[in-house]
Each structure stands twice: as structure tokens, then as C-alpha cells.
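What follows is a short report on a single structure.
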Amino acid sequence: MPFTAYILKGVRVVLEYGMLLWLLWFVTRLARSMFGEVRQARRTARPAETQRSEAVITVVAAEEPELAGQRFAFAEQITFGRGAENDIVIPENFVSHRHAVIYQQGGQYVVEDLGSRNHTYVNGQPLQGAAYIKTGDVIRIGMAEFQFER
């Protein structure tokens, strides 16, 4: 009889901890979902007007309808990639998790490919490392094209 008691106690412990792990997983997924919606709402709520110290990235072409035509204003830097933590999320298989970044350096803006497999293109040319960009330059990441404005 004690052998059966040990088995039942073991099954009970596995079920209790299993339920705890499942609950933790569920709460984590729920939190990610909620914060992702908040982040997306914050991105779409940005005003179109820019301040003197800001630059703007305009989506010229994109397969994703939620990206097409959007404008993103930024002062110091803006990140591109497939991951949710990026400022501009491009949900394509050709885009790396953290694909590229544009940042301000000494009054000018620099675009840098972050080691992506499918490259970043500036005005149709593959970007090798980092390069200065100017107003009107077109940046292609995956199938999405962006125009830089200062």
C-alpha cells in the first residue's frame, strides 16, 4: 500500500507544478499580447508633424497594408526588423529580427545594416556596414521601401 501512496503523491506534485507552469506561460503570453497592442497603438498614434530636430521615414511601398503610407518621425534613432521591439516592424521572412538602424551622428543621419542575411539597400545598392543618408534616399528592407526626409 505505501508504494501506491508514493505514486499518487508524485502524480499530485507533477499536476500541481504542471498547472503552475501552464498558468505562468498563459500570463506571459497574455502580457506580450497586451503590450504588443499598446506598442502598435503608440506607433500609429504618432503625429505627422515633425519638429525641427526630427527626421521622418515614409513607407513608400510595403506588402503589409498596416505599413503602407505610414510616416515615422524620430530624433535620435529608429530601428527596423521583424522583432516586436523594433520601432518599425516588418513582418516578412526576408527581414532579420533586428535588421537595420538609422541614427543621428554629428548632425547627419547614418543607416547601418545590423548583419542581416538579406541585406539593406540604399538607392538600389546593397549597404556594406554603415553609410550617411540624405533627404530623398530610398532604403529597402525586405520588400518594404522607405524614403528618408530631413
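All the letters of the sequence shown, read from the start, carry residue numbers 6 to 155 under the working numbering.
Virtual Cβ for every residue (Gly too), placed ideally from N, Cα, C.
Considering residue 118, what are the terminal residues of the beta strand (DSSP E) in which it resides?
-> Segment 113-118, the beta strand (DSSP E) holding residue 118.
Going by beta carbon distance, what residues of the same chain come within less than 8 angstroms of residue 96, once the five residues before and after it are set aside?
-> So the qualifying residues of the chain are 69, 87.
List in chain order: all unbroken beta strand (DSSP E) runs of 3+ residues lying wholly within the segment 55-113.
-> As far as the segment 55-113 is concerned, its whole beta strand (DSSP E) runs of at least 3 residues are 60-66, 76-79, 82-86, 105-110.
Starting from the C-beta of residue 73, find all residues in its chain whose C-beta is less than 8 angstroms away, skip the five residues before and the five after it, and write them out in chain order.
-> Here the set comprises 64, 66, 67.
In or out: residue 151 buried (at least 16 other Cβ within 10 Å) or exposed?
-> By the neighbour-count definition (other C-beta atoms within 10 Å, threshold 16), residue 151 is a buried residue.
Could you name the residues of the same chain whose beta carbon sits closer than 8 angstroms to that of residue 141, not counting the 5 residues immediately before and after it, in chain order?
-> Excluding positions up to five away in sequence, the list reads 152, 153, 154.
What is the C-beta distance between residue 146 and residue 104, in whole angstroms, given that I count them as a contact (C-beta under 8 angstroms)?
-> Contact flag correct, Cβ pair sits at about 6 angstroms.
What number of angstroms, rounded off, separates the C-alpha of residue 41 from the C-alpha of residue 28?
-> Between the alpha carbons of residue 41 and residue 28 lies a gap of roughly 20 angstroms.
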